[in-house]
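Read the structure below first, then the notes.
2 protein chains.
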Amino acid sequence: MARSPEFDRGKALEAAMKLFWARGYTATSLPDLLQAMGIARSSFYASFSTKRELFMECLELFGERTLAMLEEDAGKLPAAALPRAFYEATLLDVSPRRASQGCMMVNTVLELADVDPELNQLAAQRLSAIENLFALAFENAQRRGELDGTQDPKELASLVMTINFGLRVQCRQNPSRQSLKPLIENSLSLLGLAA
Amino acid sequence: MARSPEFDRGKALEAAMKLFWARGYTATSLPDLLQAMGIARSSFYASFSTKRELFMECLELFGERTLAMLEEDAGKLPAAALPRAFYEATLLDVSPRRASQGCMMVNTVLELADVDPELNQLAAQRLSAIENLFALAFENAQRRGELDGTQDPKELASLVMTINFGLRVQCRQNPSRQSLKPLIENSLSLLGLAA
DNA sequence: GCCATTCTGTACCAATTGGTTCAGTATTTC
DNA sequence: GAAATACTGAACCAATTGGTACAGAATGGC
Numbered sequence: 001m002a003r004s005p006e007f008d009r010g011k012a013l014e015a016a017m018k019l020f021w022a023r024g025y026t027a028t029s030l031p032d033l034l035q036a037m038g039i040a041r042s043s044f045y046a047s048f049s050t051k052r053e054l055f056m057e058c059l060e061l062f063g064e065r066t067l068a069m070l071e072e073d074a075g076k077l078p079a080a081a082l083p084r085a086f087y088e089a090t091l092l093d094v095s096p097r098r099a100s101q102g103c104m105m106v107n108t109v110l111e112l113a114d115v116d117p118e119l120n121q122l123a124a125q126r127l128s129a130i131e132n133l134f135a136l137a138f139e140n141a142q143r144r145g146e147l148d149g150t151q152d153p154k155e156l157a158s159l160v161m162t163i164n165f166g167l168r169v170q171c172r173q174n175p176s177r178q179s180l181k182p183l184i185e186n187s188l189s190l191l192g193l194a195a
Numbered sequence: 001m002a003r004s005p006e007f008d009r010g011k012a013l014e015a016a017m018k019l020f021w022a023r024g025y026t027a028t029s030l031p032d033l034l035q036a037m038g039i040a041r042s043s044f045y046a047s048f049s050t051k052r053e054l055f056m057e058c059l060e061l062f063g064e065r066t067l068a069m070l071e072e073d074a075g076k077l078p079a080a081a082l083p084r085a086f087y088e089a090t091l092l093d094v095s096p097r098r099a100s101q102g103c104m105m106v107n108t109v110l111e112l113a114d115v116d117p118e119l120n121q122l123a124a125q126r127l128s129a130i131e132n133l134f135a136l137a138f139e140n141a142q143r144r145g146e147l148d149g150t151q152d153p154k155e156l157a158s159l160v161m162t163i164n165f166g167l168r169v170q171c172r173q174n175p176s177r178q179s180l181k182p183l184i185e186n187s188l189s190l191l192g193l194a195a
């Protein structure tokens with residue numbers, strides 16, 4: 001009966017996410033988004049609702065993807081190696097261009113904390129899901145005796161996240177590998193997780 | 001001859017800074033600023049040039065003030081106590097409302113890195129001035145034997161800043177003292193500067 | 001070919017953006 | 001009171017904002 005080819009919604013969402021990720025919510029205009037997504041204005045409002053809801057969808061996509069990556073690592077690495085894997089995968093094993101974008105959730109928290117509490121909360125919630133995953137991995141490792149048991153796993157996870165946040169700020173100033181590599185190394189040895 | 005009372009430019013600048021600090025550059029509109037500064041539109045353009053230059057002036061004011069605070073501490077505290085003094089002064093010894101605003105320079109870096117390189121650079125430059133001050137203090141303390149000499153002072157300063165950045169992200173999610181206090185404590189003991 | 005459907009492009013909307021201009025009103029010194 | 005200055009408030013500007021509506025072309029199954 002009808003025309004089948006819906007434009008690739010997933011691809012469009014991906015493109016929107018990349019733009020929001022790099023430029024933030026407020027500074028990204030609808031025309032910018034449409035061009036990046038490669039669709040017309042009317043198509044946009046047919047498949048998505050508003051710019052704000054598109055942003056939420058992008059934020060969830062980003063959070064889900066990050067969590068999935070970490071979960072995969074948690075399945076095949078000892079807990080003590082998780083922070084290094086996480087830092088390196090997102091800061092060193094990508095192009096400086098991409099590393100300079102930092103983390104979309106962290107960017108969102110800093111941009112919108114006092115402007116749009118709901119979006120801020122959404123980002124914060126996804127970040128704490130990641131922190132919880134770290135905490136759980138540390139707890140299990142301690143129970144199995146794979147990790148030094150003197151440190152509270154929740155507090156350790158919280159520190160890992162704090163340093164993660166710090167690195168996300170650093171990379172937006174200077175995304176070069178030679179400046180990030182020693183920083184990561186020193187941070188890990190600080191955490192006692194350098195080996 | 002003339003009417004004397006120029007409205008208080010300093011006060012107006014201060015008010016603008018607070019608004020930019022809380023809401024960022026893009027999300028703060030000119031009417032917002034005028035209301036906060038308590039001046040009329042025409043007075044604004046008589047005493048300032050553009051919104052963008054006002055922002056730069058605010059950024060420099062914020063950076064200068066932060067640096068001055070740190071310099072004062074550096075004059076009367078041992079270097080090893082500087083990070084704690086800095087973290088506590090800006091995160092615990094202020095209202096949660098203010099703590100939740102984080103650091104204007106860090107906020108700027110995350111908001112504008114991919115949008116306005118010049119403003120990003122300005123903020124980054126002020127941040128590195130602070131880092132340099134830490135490094136200098138550590139170096140002097142080591143030379144005087146007041147601080148463990150095994151760690152490179154520049155690297156230590158870089159770690160202090162990374163953790164500082166991390167705390168600035170944390171406080172924009174949850175500015176409550178009971179969540180920040182243990183985080184600061186754990187961070188300092190991580191740095192070996194808890195005592 | 002026919003009709004349903006899904007896209008594109010454009011025109012349009014009201015509201016808001018940052019910025020300019022200017023008439024009028026205070027306030028000050030003489 | 002007169003002249004000089006510094007303010008206010010509103011009108012105005014072009015450009016851009018997010019969002020809507022609609023005509024027409026492209027694409028499918030029948």
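Protein sequence lines correspond, in order, to chains A and B.
Each residue of the first sequence is one higher than the last, beginning at 1 in this note's numbering.
Each residue of the second sequence is one higher than the last, beginning at 1 in this note's numbering.
We put the beta carbon where it would ideally sit given N, CA and C, even for glycine.
- Assigned with DSSP and collapsed to three states, B/P83 falls in helix.
- Between B/F55 and the set B/S29, B/L70 and B/L133, the nearest pair of CA atoms involves B/S29.
- Among the CB atoms of chain A, one or more fall inside 9 Å of the CB of B/R172.
- When the Cα atoms are used, A/S176 and A/P96 turn out to be separated by approximately 6 Å.
- Taking the Cβ atoms as the reference, B/A99 lies roughly 19 Å from B/V109, outside the contact range of under 8 Å.
- Of the candidates B/G63, B/K11 and B/M69, the residue whose Cα lies closest to the Cα of B/S47 is B/K11.
- Contact with chain A is found for B/P182, since one of that chain's Cβ atoms lies less than 9 Å from the residue's Cβ.
- Non-local C-beta neighbours of B/M104 in its own chain, meaning closer than 6 Å and more than five positions away in sequence, comprise W21 and F62, ordered along the chain.
- When rounded, the separation of the alpha-carbon atoms in B/L156 and B/S189 is 13 Å.
- Under the DSSP assignment, B/L122 falls in the alpha helix (DSSP H) whose first and last residues are P117 to R143.
- Using a CB distance cut-off of 9 Å, B/D114 counts as an interface residue toward chain A.
- Only A22, R23, G24, T26 and A27 from the region 14 to 31 of chain B bring a Cβ to less than 7 Å from some Cβ of chain A.
- Under the criterion of beta carbons closer than 8 Å, A/L133 and A/L70 qualify as touching, at roughly 6 Å.
- Your pair B/A80 and B/E146 checks out as a contact, with CB atoms roughly 7 Å apart and the cut at 8 Å.
- Annotation for A/D32: the continuous alpha helix (DSSP H) segment containing it runs L30 to M37.
- Chain A has a Cβ within less than 9 Å of the Cβ of B/I163.
- Residue burial annotation: B/Q173 is buried, with at least 16 other C-beta atoms found within 10 angstroms of its C-beta.
- Contact between B/L91 and B/I184 holds: their C-beta atoms lie close to 7 Å from each other, under 8 Å.
- The beta carbon of B/Q178 sits no closer than 9 Å to any beta carbon of chain A.
- DSSP, read as helix, strand or coil, puts B/P175 in coil.
- One alpha carbon belongs to A/I130, the other to A/A36, and they sit about 29 Å apart.
- For B/Q101, the nearest CB of chain A lies under 9 Å from its own CB, placing it at the interface with that chain.
- Contact with chain A is absent for B/E57, since none of that chain's Cβ atoms lies less than 9 Å from the residue's Cβ.
- Interface criterion not met: the Cβ of B/E88 is under 9 Å from no Cβ in chain A.
- Scanning chain B for C-beta atoms nearer than 8 Å to the C-beta of A/E155 yields P182 and N186, reported in chain order.
- Any Cβ of chain B closer than 9 Å to the Cβ of A/R52 would place that residue at the interface, and such an atom is absent.
- At the C-beta level, B/N186 and A/L159 come within 9 Å of one another.
- In the three-state reduction of the DSSP assignment, A/T66 falls in the helix class, which pools H, G and I.
- Looking from the CA of B/K76, the closest CA among B/R9, B/I163, B/A137 and B/P182 belongs to B/A137.
- A/Q170 sits buried, since 16 or more C-beta atoms from the chains shown fall within 10 Å of its C-beta.
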